[in-house]
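Novice: Residue numbers (my numbering): 4 to 461.
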Amino acid sequence: MYYVLKYYKYVLIGVSVLLLAAGSLAILGRFQRGGVKGLALEYRTFRGKWSMVPLILAVLLLNLFLIPAGERLHTSAGITLNYHLASQGLNPNGTRFNQTHILSTQVLERAVERGALEGVTAADLKRTLQVRPAVQGSSASEDAYFISSQFVLEYNADRNTVGQDGEKLLTLVTQEYQKWFINEYSANTDILKLDFSPAEGQDYLDQSSFLKKTAESIGEYMRNMSSEEAAFRSSVNGETFQSMSAKAYAVSNTLVEDLEAYILENGVSVDAKQYIDRLNIANVFLDFDARKASASNENTLEAVALYADDMARIVLVPTYDTGEQFYMSQTRIGVDDFAASADSYANKKTELNEQMAKNRHVITQFSGRGGRGTDKKAETLVDQIQQELLRVAQQAKELVEEYNAQQANSYMTVVVYALEDRAKRLVVEIAALTALFAAGAQVSWFAVGGRRKGARIA
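(1) Which residues in the same chain have their Cβ closer than 7 Å to the Cβ of A426, if we skip the five residues on either side of it in sequence?
(2) If you pair each beta-carbon of the region 347 to 356 with each one of the region 256 to 268, do three or more pairs fall below 8 Å?
(3) Taking DSSP's pairing of strands, which residues face H77 in a bridge?
(4) Mind the definition here: the region 292 to 310 touches the region 237 to 255 only if three or more C-beta pairs lie below 8 Å; say whether that holds.
(5) Could you spell out the range, first to last residue, of the alpha helix (DSSP H) harbouring L208?
(6) What's the gap between the Cα of A89 and the Cα of R99?
(7) Using the rule of at least 16 other Cβ atoms within 10 Å of the residue's Cβ for burial, across every protein chain shown, is V62 buried or exposed?
(8) Could you tell me which of P95, A126, G97 sits nearest to V110, measuring between CA atoms?
(9) Quick check on DSSP: helix, strand or coil for P95?
(10) Where I185 and N407 are concerned, what is the direct C-alpha to C-alpha distance, given to the nearest angstrom?
(11) So the candidates are E170, L214, I194; which of them puts its Cα closest to the Cα of M225?
(12) If I follow the unbroken alpha helix (DSSP H) through M247, where does it start and stop?
(13) For T131, which option in N94, G97, E170 has the closest C-alpha, if you only look at C-alpha atoms?
(14) Between M359 and I82, is the Cβ-Cβ spacing less than 8 Å?
(15) By a C-beta neighbour count over all protein chains shown, 10 Å radius and 16 as the cutoff for buried, is T164 buried or exposed?
(16) Under 6 Å Cβ to Cβ from V7, same chain only, skipping five residues before and after it: list those, please.
(17) At the level of alpha carbons, what is the spacing between V254 and G241?
(18) With a Cβ-Cβ cutoff of 8 Å, do L436 and K12 count as a contact?
(19) Given R236, which residues of its chain have a CB within under 6 Å of its CB, disregarding the five upstream and five downstream residues?
(20) By how many angstroms is the C-alpha of V115 removed from the C-alpha of A438?
(21) So what's V18 in DSSP terms, helix, strand or just coil?
(22) Nearest-angstrom Cα distance between G17 and N85?
(23) Indicate whether I279 and S347 have their beta-carbon atoms separated by less than 8 Å.
(24) What does the alpha-carbon distance come out to for the pair I433 and E401?
(25) On the CB-based measure, 16 or more other CB atoms within 10 Å of its CB, does T177 come out buried or exposed?
(26) Using the rule of at least 16 other Cβ atoms within 10 Å of the residue's Cβ for burial, across every protein chain shown, is V395 buried or exposed?
(27) Taking Cβ positions, are L23 and A442 nearer each other than 8 Å?
(28) Who are the near neighbours of Q91 in its chain, counting only those whose CB is closer than 8 Å to its CB and skipping five residues on each side?
(29) Comparing C-alpha positions only, which one of R135, K250, G118, A160 sits nearest to G73?
(30) Rounded C-beta distance between K215 and V259? I'm assuming under 8 Å.
(31) Among the residues of its own chain, which have a CB less than 6 Å from the CB of S19, if the five just before and after it don't count?
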């Protein structure tokens, strides 16, 4: 059946043209022998005899069935990328767009699985599908360069897929590609899947630090989302990215700070001696790094003092500003790098000294306390903070997913061209092919019938 549907139209055209050509040649031969009068006499004799009408009607019925059925072997869909980076050939995250992902094995396997297509594999689909830009550019000249953001996905059935509905197949493939595209390039919510197990069993200050970093990571993530789309607001709870960021930082600046204050004020520790020993060792290394930063700072400042005046005199150059006023411009020189390095070393030394001071304060608070094991209030505060972070993270995730769903509708537009959209063209094609066959059949019938009648008259 596949070959009948695939080649029927071409066979019909070939037979029609052959009948028309053979009949025309026969009529032309009689015209040369009998002239116009002879052909006119023959036509008047046979014009009332429509012996080919049943055959023409049969062909019309075949056309009405086989041509639309054959058309279903060839279906197409239009894919349009709507985001602003598409015109540069990029994905929403700035990476290079690759149209072959539309026909990736992952997408096709999901389409087969979702459609429950029996006897059809991803490899079968891949053989029948082809994707191309809707408008082709050229590398011949710069004027012909063109980056397409519109693509055509074409389906041409083969023996393994002839029984499938082409429109359904393209719908499945394009929908799965949209899901893959959204999942690949929309905002990732993995950071909002919280896991507190790494902090389990650690000392309370370590747990406090872990919870603080978790809260700040949520706050920073939502702040970045706000910079991408500050005006977005949830239609469910009215939250924005900025409001969720504020909630996360509130956990860090209020609940976690309260936990840390309670721990230090009361010297709460699972094992105070071990914690003090650890901080003492940490301060040894911090002190070494601070001394190293201080020495580097002094060395770079000395270099600046030695060469700054001489270098500045050498590199002053006459320059005009935007107001056409003359002045001596100082260009960037190597001493500038020394000054920047000195500033960096000074900041690093300050940070290290602050960390050592904080460690010494903790050591003072824990000294003489001994190991106290677990503390019920600290445990309660940790549990409260975890529950609040889970609640904030869940709200943030729902907000991002709502935003992703909204963006998905604007990222890509897909249109599968249904057979009904081609109805007018099919009607014209059926009428044209039927008329061509009718012309060929009538011409051949007249040529054969006229010749026989002419022989009887003779």
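Built from N, CA and C at the ideal position, the CB exists for glycine as well.
Specialist: Result, derived from the coordinates:
(1) Cβ-Cβ distances below 7 Å link A426 to nothing in the same chain once the five nearest sequence neighbours on each side are left out.
(2) Three or more beta-carbon pairs separated by less than 8 Å are not found between the region 347 to 356 and the region 256 to 268, which leaves the two stretches without contact.
(3) According to DSSP, which records beta bridges pairwise, H77 is partnered with N159.
(4) The region 292 to 310 vs the region 237 to 255: no contact.
(5) For L208, the enclosing alpha helix (DSSP H) has its first and last residue at 207 to 231.
(6) Approximately 9 Å between the Cα atoms of the pair.
(7) Under this definition V62 is a buried residue.
(8) Per the Cα distances, A126.
(9) Here P95 sits in coil by DSSP.
(10) If I take the Cα positions, the gap works out to 8 Å.
(11) Here the closest residue by C-alpha is I194.
(12) Run containing M247: 244 to 253, per the alpha helix (DSSP H) assignment.
(13) Proximity to T131 across N94, G97, E170 peaks at E170, based on C-alpha coordinates.
(14) Between M359 and I82, the gap from beta carbon to beta carbon reaches 8 Å or more.
(15) So T164 counts as buried.
(16) Excluding positions up to five away in sequence, the list is empty.
(17) Distance from the CA of V254 to the CA of G241, rounded to the nearest whole angstrom, comes to 20 Å.
(18) Contact flag set, yes.
(19) In the same chain as R236, and ignoring 5 residues on each side of it, the C-beta atoms closer than 6 Å to its own belong to T243, in chain order.
(20) The straight-line gap separating the alpha-carbon atoms of A438 and V115 is approximately 41 Å.
(21) Three-state result, V18: helix.
(22) Rounded to the nearest whole angstrom, the CA to CA distance from G17 to N85 is 45 Å.
(23) In this structure, I279 sits away from S347, with a CB-CB distance that is not shorter than 8 Å.
(24) Rounded to whole angstroms, the separation of the alpha carbons of E401 and I433 is 54 Å.
(25) Under the 10 Å beta carbon count, T177 is surrounded by 16 or more other beta carbons and is classified as buried.
(26) V395 counts as buried, since no fewer than 16 other beta carbons sit within 10 angstroms of its beta carbon.
(27) It is a contact, given that the beta carbons lie within the stated cut-off.
(28) Here the set comprises I150.
(29) Considering only alpha carbons, the answer is A160.
(30) A Cβ-Cβ separation of about 5 Å places K215 in contact with V259 under the 8 Å criterion.
(31) The answer, listed in chain order, is L439, F440, G443.
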